[in-house]
Amino acid sequence: MLVGAFAVAHTPQLLIRPETEDRDLVLRVHAAMGRVKQRLQDLRPDAIAIVAGDHVEAFFLDAVPALAVYVGRECAGTFGPYRYRLDIHEPLARAVVEQGIERGFDLLYTQDAPLDYAFYVPLHFVMPEPARPIVPLHVNVYLPPQPTPARCHAWGVALGEILRGRPERVALIASGGMSHFPGTDRYASPEFDYDRGLLDLLRDGRGRELARVTGEELDKRGNIELRTWITLLGAVGDVRADVYCYEPSWHHGNAVVEWPLPTP
Amino acid sequence: MAAPDPVSERAHYRFPPSEAYPLNRCLYALKSDPAFIERFVADPVAATAELGLTEGERADLRRMDRDALVARGAHPYLVFMAGLRLKMAAEPGALEYF
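From first to last, the protein sequence lines stand for chains W and R.
Residues 70 to 333 (this note's numbering) are what the first sequence spells out, left to right.
Residues 3 to 100 (this note's numbering) are what the second sequence spells out, left to right.
See below:
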């Protein structure tokens, strides 16, 4: 069953802060992530499924999957001085890949790929105690051609049905967003007004409209990572979002959001 | 030859051209391979000698010239994170870890 749904920013400067970043802003985002941690504590999930876009870490140009599921016993990765290793909820991960393929989604699965910081940064801040096993779900956001928002949404609908059909209590997290343009000449000028408009739409419970956004639009608005949110929105349907924070830094729209789900 | 696809040519994140593969491979190593970062910091000329890069690519890499690298087909995210990792290697004390 699906007991919780959240979106959490993962910009690396939240974990490793250079002097270019406003410390108070970083701490405010940490406080919002602390609320997610408390909510997860209260929701008592058996597993946390997390949708993130690998930052060309596990999947370089040797193989570029649109959608992937980590199905090993555990997964591990590094970021700077951080070394992390997380248990995978293997029965749940296997159910997702098997039932996902039955439903027509040609998922790549891996028992060995490294785990990118896009998965780790939110979990570093929101993992309840004791730590829960996870199911990492990759969506290609950085290497064009990416899956369309419509495809991400359809995958999310299927994912939601799969998770609701399972005996485990599952919390779903979308990692990433909002507007930012790393490595481009737009880095210092994200589209914050676009983000605010999106958040209003999500507060109104109109997330399904994002399935109709084009990939071109997401790229133009610095929101290619929104594919992880759109996947989650397929799973949560028309639930109204509760925006914990929206903190625009000089290069990134940091958002933390919950979609409070009805008790299953 | 067909005209370039207008959508992907306008995009900030474009299909990585195959001629830039060696460059992207090098940036990937700078982003994700701590041993290579160490070799690059110590001697960027020697570290990039055997990677199939052009002289121009190697010069832009030494300067980490973002716009020049991206114009050569480097993936912007790889340029961004390679630069951040080099900064982290150069001045670890200037960073706050949470």
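Virtual Cβ for every residue (Gly too), placed ideally from N, Cα, C.
Please read all numbers here as calculations on a predicted model, not as lab measurements.
Partner residues on chain R for W:Y211, Cβ-Cβ distance less than 8 Å: Y15, H77, Y79
Relative to the C-alpha of W:I242, which candidate in W:P81, W:V98, W:K106 has its C-alpha closest? Selected option, being the one with the closest Cα: W:K106.
Report the neighbours of W:P202 on chain R: residues whose CB is nearer than 7 Å to its CB, in chain order. What W:P202 touches in chain R, judged by beta-carbon distance under 7 Å, is nothing: the nearest beta carbon there is about 23 Å away.
Nearest to R:E40 by alpha carbon, out of W:G149, W:P333, W:L112, W:M247? W:G149
If you run the structure through DSSP and keep just helix, strand and coil, what is W:V138? Three-state result, W:V138: strand.
W:A200 burial status per 10 Å Cβ neighbour count (16 or more: buried): For W:A200, the number of other beta carbons within 10 angstroms of its own is below 16, and it is reported as exposed.
Among the residues of its own chain, which have a CB less than 7 Å from the CB of R:A22, if the five just before and after it don't count? Shown here for R:A22: same chain residues with a beta carbon closer than 7 Å to its own, the five before and five after excluded, namely R74, G75, A76 in chain order.
Chain-ordered neighbours of W:P150 on chain R, where CB pairs are closer than 9 Å: M90, P94, Y99
List, from N- to C-terminal side, the beta strand (DSSP E) runs of 3 residues or more that fit wholly inside the stretch 178 to 251 of chain W. 203 to 208, 239 to 244
Out of W:V166, W:P259, W:P329, W:T253, which has the shortest C-alpha to C-alpha gap to W:A227? W:V166
Can you tell me whether W:T297 is buried or exposed? The criterion is at least 16 other CB atoms within 10 Å of its CB, across all chains shown. buried
Let me confirm a value: W:L155 is counted as buried when at least 16 other C-beta atoms fall within 10 Å, else exposed. Which label applies? buried
Where R:Y15 falls, given that 16 or more other Cβ within 10 Å makes a residue buried: R:Y15 is classed as buried because its beta carbon has at least 16 other beta carbons within 10 Å across all chains shown.
Report the CB separation of W:H321 from W:H249 in whole angstroms; it is logged as a contact under 8 Å. 4 Å
Determine whether the beta carbon atoms of W:H158 and W:E237 lie at a separation below 8 Å. yes
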